[in-house]
Amino acid sequence: MLKGTWVSFVSALSSDTVPLWGRFDADWYRDRYRDMLGDLADMDTEALAAHYAEVGKGLRLSPNRFFDEEWYLQANPDVAAAVHAGSFASGFDHYCSDGHINRSPHWLFSETVYLARYPDLTRATLDHLGAFNGYDHYLRYGDRQFRSGHLLFDPHLYYAHARVKGDGSSPPPAGEGGAITIPQAGPFVSFLADEADQNMLRVSWYFDPEWYLKTYPEVAEAVKTGRARSSLHHFLTNDTPDAFCALEWFSEAYYLELYPDIMDAITTGQLRSGYDHFLRYGAFERRRPHPDVDLNAYFFSGTVRADIERGLVRDVFEHWLSHRHQKPLDEALARPELKVFEGLAVRKAENLLPLLAARPLDFASQDEPRLSVILLVRNRLSLTLSALSALRMTYAGSLDVIVVDAGSRDDTTRLQHFARGIRILRMDRSVTWAEALKAALSHAHGAAVLWLGQGVRLAYGSLRAALEALGEQADPTQQRIGLVTGRALRADGRILEAGVLIGRDGSLTRYLENAPMEEPAACFRRPVACATVPALLIDRVLLERLGGFDDRLESEAAQLADLCLRATEVGQHVLYEPAFLTSQDVSDKGASAFDDADRHRLLQSHAAAFAQAFPPSPRLAARARCAAGPAAKRILFIEDRIPVRSLGSGFVRSNDIVRTMAALGHQVTVFPIYASVDPLSRIYADFPPEVEVLHERGFETLDAFLQERSGSWDCVWIGRTHNMGRLLPILMAQAPALPLNAVVLDTEAVTSPRDLLKAELFGEPVTRTLEEALSLEFEAAWFCRKIIAVNPLDVRTLSDAGYENVVELGHMCPVRPTSASWADRRGMLFLGAIHETGSPNHDSLIWFVEKVLPLLRDRLPEDVRFTVAGFRGAGVSLSALGRDPRVELLGPVKDPSELYATHRLFIAPTRYAGGIPFKIHEAASYGLPVVASGLLCRQLGWRDGLEIVSGGDNNAERFAERVVELYTDEELWNAVRAGALSLLEQENSAKAYAVRLNGILQDVFENER
């Protein structure tokens, strides 16, 4: 309990004993209530303090600018009732006594938002800093660190507008809002002190005071008469929030009509308004705030996504508001022609000449080269040097560089002065590509050969990626990798070629030509028929075996394609590696010209390959782009979100399924129901390079996508039962495009038993039997020929309900035990994803901290801490848990292995759930014993005291006893650790998982034949 203490505001900043919000500020009190006080306003500090204590509290006056009495009572009806009943003299007394623990004291500060936004502010951190609560920390430290305590107060925006408003020529007195004093006093403190400008100064992108006053003239009148202190104050405190919109680009009525699912939360008081929901959750989900604002489309335009990932803005709506007057380059200007970009590339290359004349490129090395690089050049020295300089920068190892000069007459004759350690072969101007390659090959020493075009620049790391791909041995039953081609860009940054499609008529089509370089279809590895861009990595033995290029073909493009096709005929395939990234400064029209003579020659030479090719139709491009054999099936994998592993909650399992499908040799395309918001770097790092991840797609594009890729799939794998009902109309409409006998429903979890258990747990009315609930949950499952359940319990539940063709596929979890012993470890760990408030993980965590942790206080050593880690949804706050000094909130962790290696126990107190708890598998795989609820033990099928320790069902005392037992008994700890590791090795290894999944898939493919 904090007793009221009166300290003058002048000394407040230097005092560490009482928080600013707990002090009586006589100067502020005098100015704020001067009209009410009359002659009493001239009293000294002690007299004013006495007036507040004896009179002011009863009149609902505030003791300082940091606590708003009227708003506090309005926002907390229970407190107002307690004050009316005489339990407290004022709302301020309540806040000092109990309210400061979890309530907000001011309309422009939210204790919950502040602690949720800055998870580093745990109770332990606040105690270390001597802060009573989050608000105390904010006023002491956070405000001057430019932290934000409310979604509608942006300290950086306030400071920027304050600087524009004032000339900053001389610092005004403290408290008058001068921009110069803001960093020292703090933006929030300065804003509250600057009452004259509160009404019009914009302090958040989410609220437009000018528009608000213009749209609602009654607000201006309320401010004028003192019924509201400012436009922002009115918006946040008025009694009819549904009648006022914060800005032009949010419509309360439109939002509530479009998303009726949020009305219950508003009606029950969990949310103040639709706008409250939008700022907390909707903006992150890219919901529409206004008929004319499409945040989902905007998210994928320009640099919006990248700006959000870099933390420049909080969400896509803030980005739209702050950039809506800035037109993207593509809209403001007509895109220049390709030749303009090529001209700039040439000028850039020419700038290398004086630099390399002074400091030549150096390729000299005593080491045996792994790679030989062959360039055929003719004049245009700058383009040659552009290619060579990029080559040197992208690869620091030993290189055997051979330049064939086809009769150049410019400074190419002096090439050795610009690049040392290269071999230059001077040949006649009429030399052909085949002759140049043959001549250079006789001088080559590397195990691999890179045929590189003049003016083709390699991106950093691309050559190493290509060499690694060439060195990889494919499955022994499949063709060996003999050549590697890559993602070739034009000078304007758009795709020139991402592999080549061969047509049944003898045509060659550059796949994805003119598409953006980040196009998902260009960002995954696959075998291709051939390549035509002069950036081709070739196994030297293969190249010698094939005899180089065929001189009977006219163009370089045709000769490269022919070389690839001949390699395939001798059992070695061409691999498209998107990380092998190149850029062509200037397109060589002669080299890429592919005429009828070349087409007929290729048709004659490779009749079998072209006969088996698809007709050259754009609708068939997705099927023709991959030259894998018949054993490689095309699988469309549909999930709620792109299943990156950090999301937890079943997404790890989905990620493992995709990885295993790819490892089995199948072509997997991942399609999310909700377009991804995860950084591309995280997405691509979480998937094998052979997987196509459609991160920019979403439910609204699925219908067109299925039509676009009609007939492309051998299997459609749909994750999570709840998606079937939503997808069914689309699947029905596109049924002719689908493999109807190979549609799989992967339940991830059967939720009906979980929902019934939850209702029983919380005393909610049960309106359906289990049979009725299952019938409703699986009402669209009839479309699928196979249903996947994650554990034997779910298989039995579905089978008993009459569903046939149900098979089990659980988790993959290879063992990787850490070496730390029982004695080397301390503390308890909870690691799990919490996507929304009230989810099973969230409920179990609250229950453990509130019910079990207090029972452990006197039974475990004082230094035992409870660490909470894992993904948290945007609307999830665990700040209340952080008030317990034994709880440490970490948030998401990139690598959990250190947590598993240092903690002694893993806690899994889930009270209702479906599926299999992957978090237990993962913890046990690292050798960390688990105390879990009886429910989870039954779902796993693990035995109490042998592979796991059961804490019973919803029994805090029993759970606490089992925690103490496992934490303090080294022999039991070692036995449970060993038992779980042994069971995981038998049932959840990567090999066992692959065998199980392969059996399911082969059965599915057999049904489709």
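Numbered per my numbering, the sequence shown spans residues 754 to 1762. C-beta: ideal position from N, C-alpha, C; glycine also. The structure displayed is predicted, hence computed values, not measured ones.
Neighbourhood of residue i by C-beta, 8 Å cutoff - its chain only, sequence neighbours within 5 removed
i        : result
Arg-1299 : According to the sequence shown, residue 1299 is Leu rather than Arg. Closer than 8 Å at Cβ, skipping near neighbours: Leu-1316, Arg-1319, Ala-1320, Val-1323.
Tyr-1556 : Phe-1531, Ala-1534, Ile-1540
Ala-1346 : Glu-1307, Ser-1308, Ala-1310
Backbone secondary structure at residue i - three-state DSSP
i        : result
Met-1581 : strand
Arg-1711 : helix
Cys-1690 : helix
Gly-1644 : strand
Asp-896  : coil
Gln-937  : helix
His-1564 : coil
Pro-926  : Its pLDDT being 38, under 50, Pro-926 is placed unreliably in this model, and the value from its coordinates should be taken loosely. Coil, per DSSP.
Tyr-1665 : coil
Pro-908  : helix
Val-1774 : Residue 1774 falls outside the range modelled here, since the chain spans only 754 to 1762, and no answer is possible.
Glu-1250 : strand
Ser-1572 : coil
Gly-1064 : coil
Pro-730  : Examination of residue 730 is not possible in this model, given that the chain is present from 754 through 1762 alone.
Option in the options with minimal Cα separation from residue i
i        : options                                : result
Ser-1574 : Asn-817, Phe-1671, Tyr-1665, Glu-1723  : Glu-1723
Ala-1360 : Gly-1623, Ile-1234, Ala-1219, Arg-1257 : Arg-1257
Ile-1234 : Arg-1240, Ala-1244, Leu-1242, Leu-1223 : Leu-1223
Asn-1049 : Gly-1451, Gln-1325, Ala-1731           : Gly-1451
Leu-882  : Thr-770, Leu-1582, Gly-1516            : Thr-770
Pro-1383 : Gly-811, Phe-1758, His-847             : Phe-1758
Leu-1689 : Ser-1597, Gly-1623, Asp-1611           : Ser-1597
Tyr-894  : Arg-1636, Ala-1622, Leu-910, Phe-941   : Phe-941
Pro-1545 : Arg-1579, Arg-1462, Gly-1694, Ala-1488 : Gly-1694
Ala-800  : Asp-788, Ser-815, Phe-777, Leu-812     : Phe-777
Ile-1673 : Arg-1664, Arg-1176, Val-1683, Tyr-1665 : Val-1683
Leu-1825 : Tyr-825, Thr-798, Ser-843              : Residue 1825 lies beyond the stretch modelled for the chain, which goes from 754 to 1762, so this question has no answer here.
Alpha carbon of residue i to alpha carbon of residue j, nearest angstrom
i        : j        : result
Leu-1105 : Ala-1117 : 20 Å
Ala-1542 : Ala-1502 : 7 Å
Arg-1040 : Phe-1070 : 10 Å
Leu-1562 : Leu-1529 : 23 Å
Pro-1518 : Pro-1506 : 15 Å
Leu-1290 : Arg-1240 : 13 Å
Pro-1638 : Pro-1331 : 49 Å
Leu-1108 : Pro-1089 : 29 Å
Pro-925  : Ile-935  : Residue placement at Pro-925 cannot be trusted, given a pLDDT of 42 that sits under 50; what the coordinates show is reported in the next sentence. Straight-line Cα distance between these residues: approximately 11 Å.
Arg-870  : Leu-1631 : 10 Å
Phe-1302 : Leu-1097 : 32 Å
Val-832  : Phe-820  : 15 Å
Pro-1670 : Leu-861  : 41 Å
Gln-1169 : Thr-1137 : 12 Å
Ala-1364 : Arg-1354 : 14 Å
6 Å CB neighbourhood of residue i in its chain, flanking five on each side removed
i        : result
Gly-921  : Low per-residue confidence applies at Gly-921: pLDDT is 44, beneath 50, and the placement is therefore not dependable, though the value from the model is reported in the following sentence. Closer than 6 Å at Cβ, skipping near neighbours: Ala-932, Ile-933.
Pro-772  : Phe-885, Asp-889
Gly-1206 : Pro-1287
Arg-1394 : Pro-1425, Tyr-1427
His-847  : Val-832, Phe-841
Leu-1190 : Gly-1301, Phe-1302
Gly-928  : Interpretation of Gly-928 is limited by its pLDDT of 44, a score under 50 that renders its predicted location unreliable; no figure is taken from the coordinates.
Ile-1155 : Ile-1127, Arg-1176, Ala-1193, His-1196
Any non-hydrogen atom of the ligand COA within 7 Å of residue i CB
i       : result
Gly-852 : You won't find the ligand COA in this model; it holds no ligand whatsoever.
Contacts around residue i, its chain only, beta-carbon distance under 7 Å, and the 5 residues preceding and following it disregarded
i        : result
Ala-1268 : Arg-1247, Ile-1248, Ala-1275
Asn-1751 : Leu-1417
Gly-930  : For Gly-930, the predicted structure reports a pLDDT of 45, less than 50, and the residue's modelled location is therefore unreliable. The matter cannot be settled from this model.
Cutoff 8 Å: residue i Cβ touching any chain B Cβ
i       : result
Ser-850 : Annotation note: the requested chain B is absent from the structure, which comprises a single protein chain.
Segments assigned alpha helix (DSSP H), at least 4 residues, entirely inside the segment 1435-1515: 1452-1461, 1475-1486, 1504-1514
Minimum length 4: unbroken alpha helix (DSSP H) runs contained in the segment 960-1028: 962-968, 970-978, 984-990, 1005-1011, 1016-1020
Taking only runs of the beta strand (DSSP E) that begin and end inside the segment 1282-1327, which ones reach a length of at least 3 residues, in chain order? 1288-1292
Those runs of the alpha helix (DSSP H) which lie wholly inside the segment 1128-1209 and span at least 4 residues: 1134-1147, 1186-1194
Identify every run of the beta strand (DSSP E) within the segment 1358-1431, keeping only runs that are complete inside it and at least 3 residues long; order them along the chain. 1387-1392, 1420-1425
Please list the segments of the alpha helix (DSSP H) lying wholly inside the segment 1093-1126, counting only runs of 4 or more residues, in order along the chain. 1105-1111
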